[in-house]
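Enquirer: As you go down the protein sequences, you meet chains C and S in turn.
Heads up: the first sequence begins at 1 in the numbering used here, then just goes up one per residue.
Heads up: the second sequence begins at 1 in the numbering used here, then just goes up one per residue.
Number of protein chains: 2
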Amino acid sequence: MNALAPAQVVWAEAGDARYPVHLGTGILDELGPLWAERAAGPSVLLVSDGNVPGLARRARASLQGAGLRVIGASVPPGEGSKSLAQVERLARLAAEAGLRRSDAVVALGGGVVGDLAGFLAASYQRGVRLVHAPTTLLAMVDSAIGGKTGVDLPEGKNYVGAIWQPQLVLADIETLDGLPPRELACGFAEVVKYGLLDGPELLELVEYWPALPGPAAELTGLIRRCAAHKIAVVAADERDHGVRASLNLGHTVGHGIEAAGGYERYRHGEAISLGLLAALRLSEQELGLDAAVRQRVAVVLARHGLPTRLDAAVATPAILEAIGRDKKADRDALNMTLLTAPGDVRLGVTPAPGRVEAAVEELRG
Amino acid sequence: MNALAPAQVVWAEAGDARYPVHLGTGILDELGPLWAERAAGPSVLLVSDGNVPGLARRARASLQGAGLRVIGASVPPGEGSKSLAQVERLARLAAEAGLRRSDAVVALGGGVVGDLAGFLAASYQRGVRLVHAPTTLLAMVDSAIGGKTGVDLPEGKNYVGAIWQPQLVLADIETLDGLPPRELACGFAEVVKYGLLDGPELLELVEYWPALPGPAAELTGLIRRCAAHKIAVVAADERDHGVRASLNLGHTVGHGIEAAGGYERYRHGEAISLGLLAALRLSEQELGLDAAVRQRVAVVLARHGLPTRLDAAVATPAILEAIGRDKKADRDALNMTLLTAPGDVRLGVTPAPGRVEAAVEELRG
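Here you go:
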């Protein structure tokens, strides 16, 4: 990335909430002025992790420059920080520093920081204002939008959480420059998902995307389109009782693979890469999806370094068991999100017996 | 209590929620049939404490009799159970037992169980259905209604929580028969508060209330009137941005006394008894409230064994410091709920300098 892209703003609505999503290059320094306009209280708790110390310093300077008092909090990088113990630690730190109901929590980082700090904002003094400043591709297109927050239990990911909308989302595309390629690729798996959900036009843009991150102006536009898709879905179904399930495309088998691999063998986006391929295979069998879609998607996933073949070390029975345990499986039936064509989604499809297992096996190539 | 009172139902509304509050004698055995009518999932997590083992057995039998699967969970009695550690323990227990998003948490007990189990319901899998079966007077008139849930931090009570409405409230008045007199009196302090907020008619009923619990039919009616008052306030201001602050009458100074006494010298209702008297004194000075109201209220509080004089061991500076720390104090100004007359409430009153301290000192008689 080199050329500055013009900043773009998309407005999100969910329930009673309405908030702007700012996208642009170098706009992290706008965080302070943008929040000061909307803030009610004088203080913010700035939560980040050790991955982004330079960005945290910039965010702090921007907030302080706008006259806000900043309470800094850092958590260890990685999924292990999504715990109730961290919620308690941060809440005590906020209480000790005098954070009040009219103040805010600012989440600066990837999905882990956003999910943890988001749940803290939802529950500290029964709810304070929340700002998301996502710094990874995954967080920009997905986790920073729509209000899902939460922490993990040993029994499952995101088992304790809340739906809590931010009042401001600020995504500085330039922060992606510093990301490791593997992290960028993981975010791209969700971008591919949005291509499949949105339809042929976005799917084609995704399909011919150059090496990540790509030109800043174009990347801003790509992220904006993914975010806009998610915003529309959440506006229609904030609390996940209906169409929001479409966002689970690839996640039923993906989560099963992620869990069966002990959350180590595959990172989330890598498991989703495999999960998308399984969902497309099942879409062919259940709904007659053109097999060419899966072939095209496999090519683009592979080109970005995402797995398209399942490791023999992750056993099929363990994957199937994890799918059954998944909280998204309702009672006994497995309700999957599948496609008849790109952009044409079917919810609550229960594949014929044996087909999920077969689709997992086919991933072994 | 001996005569059976006819069961009464009041409907509560808050935000998008609408739920029935059932009041009556012996109706705990109706819990199963009443919930089975409204339940979506087949399982419930029944949370209670060691104070009510007999009631927990009855509740379990009633739920099972209605075809529901019951996962039992007991927590130690007392405020110490309002912790994130207990939330984690209960959430893991629920996850292990396979509680799903369509299932429910049933809170059977007093304010501690209701606040803890309520927050669990708000956050387990980002929110499951909640049933309150309050078994104390305090919980019936106050904490089981309106959706405030939460746990404590060392830094303050209810510092981590959520607003989460139940889908059913069932108050079996008969469960009050087994309560210690001190516990009943604590609940009565909140009843006196509702008398003051509601107006002369309810205040007079409260003023001439016989020894607790009193005749079942009349007690059911008294609780119904307090609950109805709270329901109306919550319907107007679920998220506590306006008129809900009226329910803080007596709680600004009351919380200060409770905290300064280390949560040991005075129980919540006892501190509220003193806090109400301080609020009435300030109401006289700030708003011209007739001094006869405070004299009448002091008589009824004393008659029910509630304190009307502040113990010398709880120092005024500690009380004032705790008031300043209270999360309900907004920035620097102290916003109090006061009265011009019974039923005529003023919100956000900031007493003249020195008057809060003087009102606390006057409590020493």
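We treat Cβ as the ideally placed atom computed from N, Cα and C, and that holds for glycine.
State the Cα-Cα distance for the pair C:L212 and C:A139, rounded to the nearest angstrom.
Expert: Position 212 of the first sequence holds residue 212 of chain C. Position 139 of the first sequence holds residue 139 of chain C. Going from the Cα of C:L212 to the Cα of C:A139 covers about 16 angstroms.
Enquirer: With 8 angstroms as the C-beta to C-beta threshold (strictly closer), list the residues of the segment 119 to 146 of chain C near chain S in chain order.
Expert: Going along the segment 119 to 146 of chain C in chain order, one finds F119, A122, S123, Y124, Q125, R126, G127 with a Cβ nearer than 8 angstroms to chain S.
Enquirer: Within this structure, are the beta carbons of C:S83 and C:V151 separated by less than 8 angstroms?
Expert: Here residue 83 of chain C is taken as the residue at index 83 of the first sequence, counted from 1. Here residue 151 of chain C is taken as the residue at index 151 of the first sequence, counted from 1. Contact flag set, yes.
Enquirer: Which runs of the beta strand (DSSP E) spanning at least 3 residues fall entirely within the segment 78 to 120 of chain C, listed in chain order?
Expert: The qualifying runs are 104 to 109.
Enquirer: With a cut-off of 8 angstroms, does the C-beta of C:G150 fall near any C-beta of chain S?
Expert: Taking the first sequence and counting its residues from 1, one reaches residue 150 of chain C at position 150. So, interface residue.
Enquirer: Using the Cα positions of C:T149 and S:V70, report the straight-line distance between them to the nearest angstrom.
Expert: Along the first sequence, one-based indexing puts residue 149 of chain C at 149. Along the second sequence, one-based indexing puts residue 70 of chain S at 70. Each residue's Cα considered, the two are about 28 angstroms apart.
Enquirer: What are the start and end residues of each continuous beta strand (DSSP E) run of 3 or more residues lying completely inside the segment 26 to 53 of chain S, in chain order?
Expert: Within the segment 26 to 53 of chain S, the complete beta strand (DSSP E) runs of at least 3 residues are 43 to 49.
Enquirer: Which residue from S:A232, S:P76, S:D29, S:G187 puts its Cα closest to that of S:H304?
Expert: One-based indexing of the second sequence puts residue 304 of chain S at position 304. Among S:A232, S:P76, S:D29, S:G187, the Cα nearest to that of S:H304 is on S:G187.
Enquirer: How close, in whole Å, do the beta carbons of S:E108 and S:L55 come, if the pair is a contact with beta carbons under 8 angstroms?
Expert: As a position in the second sequence, residue 108 of chain S is number 108, starting the count at 1. As a position in the second sequence, residue 55 of chain S is number 55, starting the count at 1. Just to set this straight, residue 108 of chain S is Leu in the shown sequence, not Glu. Correct: roughly 6 angstroms between the Cβ atoms.
Enquirer: Suppose contacts are defined by Cβ-Cβ distances below 8 angstroms. Is C:L120 in contact with C:V87 by that definition?
Expert: Within the first sequence, residue 120 of chain C is the residue found at index 120, counting from 1. Within the first sequence, residue 87 of chain C is the residue found at index 87, counting from 1. Yes, these two residues count as a Cβ contact at 8 angstroms.
Enquirer: Starting from C:V321, find everything on chain S with Cβ-Cβ shorter than 7 angstroms and list it in chain order.
Expert: What you label residue 321 of chain C is simply residue 321 of the first sequence in a count that begins at 1. The question names Val, but residue 321 of chain C is Glu in the sequence shown. The premise fails here: C:E321 is roughly 13 angstroms from chain S at the closest Cβ pair, so nothing lies under 7 angstroms.
Enquirer: Roughly how many whole angstroms lie between the Cα atoms of C:K328 and S:P317?
Expert: Indexing the first sequence from 1 puts residue 328 of chain C at position 328. Indexing the second sequence from 1 puts residue 317 of chain S at position 317. A caution first: C:K328 carries a pLDDT of 46, below 50, which makes its placement in the model too unreliable to give a value.
Enquirer: Is it a yes or a no for the segment 347 to 358 of chain C touching the segment 117 to 136 of chain S, going by three-plus beta-carbon pairs under 8 angstroms?
Expert: Flag = no, the segment 347 to 358 of chain C and the segment 117 to 136 of chain S do not touch.
Enquirer: Find out if the Cβ-Cβ distance for the pair C:I231, C:I163 is shorter than 8 angstroms.
Expert: In the first sequence, residue 231 of chain C corresponds to position 231, counting from 1. In the first sequence, residue 163 of chain C corresponds to position 163, counting from 1. Not closer than 8 angstroms, so no.
Enquirer: What is the rounded straight-line gap between the Cα of C:I323 and the Cα of C:G15?
Expert: Start at 1 with the first residue of the first sequence, and residue 323 of chain C comes out as number 323. Start at 1 with the first residue of the first sequence, and residue 15 of chain C comes out as number 15. Spanning the two alpha carbons is a distance of roughly 30 angstroms.
Enquirer: Determine the extent of the alpha helix (DSSP H) in which C:K356 is found, giving its start and end residues.
Expert: Locating residue 356 of chain C in the first sequence gives position 356, where the first residue counts as 1. In the sequence under discussion, the amino acid at residue 356 of chain C is Val, which differs from the Lys named in the question. Residues 355 to 362.
Enquirer: Is C:I223 helix, strand or coil by DSSP?
Expert: To locate residue 223 of chain C, count along the first sequence from 1; it is residue 223. Three-state DSSP puts C:I223 in a helix.
Enquirer: Do we get a CB-CB distance below 8 angstroms when we pair C:A313 with the residues of chain S?
Expert: For the purposes of this step, residue 313 of chain C is identified with residue 313 of the first sequence, where counting begins at 1. No, no contact with chain S.
Enquirer: My guess is that S:V10 and S:A228 are in contact by the Cβ rule of under 8 angstroms, so how many angstroms apart are they, rounded?
Expert: Along the second sequence, one-based indexing puts residue 10 of chain S at 10. Along the second sequence, one-based indexing puts residue 228 of chain S at 228. With a Cβ gap of about 6 angstroms, S:V10 and S:A228 count as contacting.
Enquirer: So who's on the other strand from S:E13, going by DSSP bridges?
Expert: As a first step, residue 13 of chain S is located in the second sequence; it is residue number 13 there, counting from the start. According to DSSP, S:E13 bridges with S:R18.
Enquirer: With a cut-off of 8 angstroms, does the C-beta of C:R92 fall near any C-beta of chain S?
Expert: Start at 1 with the first residue of the first sequence, and residue 92 of chain C comes out as number 92. So yes, C:R92 belongs to the interface.
Enquirer: Determine contact between the segment 215 to 225 of chain S and the segment 172 to 188 of chain S, defined as no fewer than three beta-carbon pairs at a distance below 8 angstroms.
Expert: Yes, the segment 215 to 225 of chain S is in contact with the segment 172 to 188 of chain S.
Enquirer: For the beta strand (DSSP E) that contains C:T340, what are its first and last residues?
Expert: Working through the first sequence from its first residue, we reach residue 340 of chain C at position 340. 336 to 341 is the span of the beta strand (DSSP E), which, as asked, contains C:T340.
Enquirer: When the distance is taken between beta carbons, is S:L320 closer than 8 angstroms to S:G269?
Expert: Within the second sequence, numbered from 1, the residue matching residue 269 of chain S stands at position 269. Within the second sequence, numbered from 1, the residue matching residue 320 of chain S stands at position 320. Contact flag unset, no.
Enquirer: How about S:I71: is its C-beta nearer than 8 angstroms to some C-beta of chain C?
Expert: By one-based count along the second sequence, residue 71 of chain S stands at place 71. It does not: the Cβ of S:I71 has no partner Cβ on chain C nearer than 8 angstroms.
Enquirer: Going along chain S, which residues have a C-beta under 8 angstroms from C:I163?
Expert: As a first step, residue 163 of chain C is located in the first sequence; it is residue number 163 there, counting from the start. Within chain S, the residues near C:I163 are R126, G127.
Enquirer: For C:I272, report the span of its alpha helix (DSSP H) as first-last.
Expert: Taking the first residue of the first sequence as position 1, residue 272 of chain C is located at position 272. Per DSSP, C:I272 belongs to the alpha helix (DSSP H) from 268 to 287.
Enquirer: Comparing the C-beta of S:V87 with each C-beta of chain C, is any distance below 8 angstroms?
Expert: Counting from 1 along the second sequence, the entry for residue 87 of chain S is found at position 87. Answer yes: the Cβ-Cβ gap between S:V87 and chain C drops below 8 angstroms somewhere.
Enquirer: Does the segment 186 to 202 of chain C come within contact of the segment 294 to 303 of chain C, defined as at least 3 CB pairs closer than 8 angstroms?
Expert: At 8 angstroms Cβ cutoff, the stretches touch.
Enquirer: So is S:R281 buried or exposed if we call it buried at 16+ other beta carbons inside 10 Å?
Expert: By one-based count along the second sequence, residue 281 of chain S stands at place 281. It counts as buried.
Enquirer: From S:E286, S:G261, S:Q285, pick the residue whose C-alpha is nearest to that of S:L274; which is it?
Expert: Position 274 of the second sequence, counting from 1, holds the residue named residue 274 of chain S. Answer by Cα proximity: S:G261.
Enquirer: Please state whether the Cβ-Cβ distance between C:P134 and C:A171 is less than 8 angstroms.
Expert: On the first sequence, residue 134 of chain C is found 134 positions in, with the first residue counted as 1. On the first sequence, residue 171 of chain C is found 171 positions in, with the first residue counted as 1. Yes; because the gap between Cβ atoms is below 8 angstroms, this pair is in contact.
Enquirer: Using a Cβ-Cβ distance cut-off of 8 angstroms, determine whether C:Y263 contacts chain S.
Expert: By one-based count along the first sequence, residue 263 of chain C stands at place 263. Taking Cβ atoms only, chain S never reaches closer than 8 angstroms to C:Y263, which makes this a no.
Enquirer: One question on the structure: do S:L363 and S:L196 come within less than 8 angstroms of each other, judged by their Cβ atoms?
Expert: In the second sequence, counting from the first residue as 1, residue 363 of chain S sits at position 363. In the second sequence, counting from the first residue as 1, residue 196 of chain S sits at position 196. The answer is no: Cβ separation not under 8 angstroms.
Enquirer: Round the Cβ separation of C:L168 and C:W35 to the nearest angstrom and send it over; I've been treating them as touching at under 8 angstroms.
Expert: Mapped onto the first sequence, residue 168 of chain C falls at position 168. Mapped onto the first sequence, residue 35 of chain C falls at position 35. Their Cβ separation, rounded to whole angstroms, is 6 angstroms, which keeps C:L168 and C:W35 in contact under 8 angstroms.
Enquirer: Using a threshold of 8 angstroms, state whether the C-beta atoms of S:V105 and S:V75 are closer than that.
Expert: Here residue 105 of chain S corresponds to residue number 105 of the second sequence, with the count starting at 1. Here residue 75 of chain S corresponds to residue number 75 of the second sequence, with the count starting at 1. No, they are not a contact pair.
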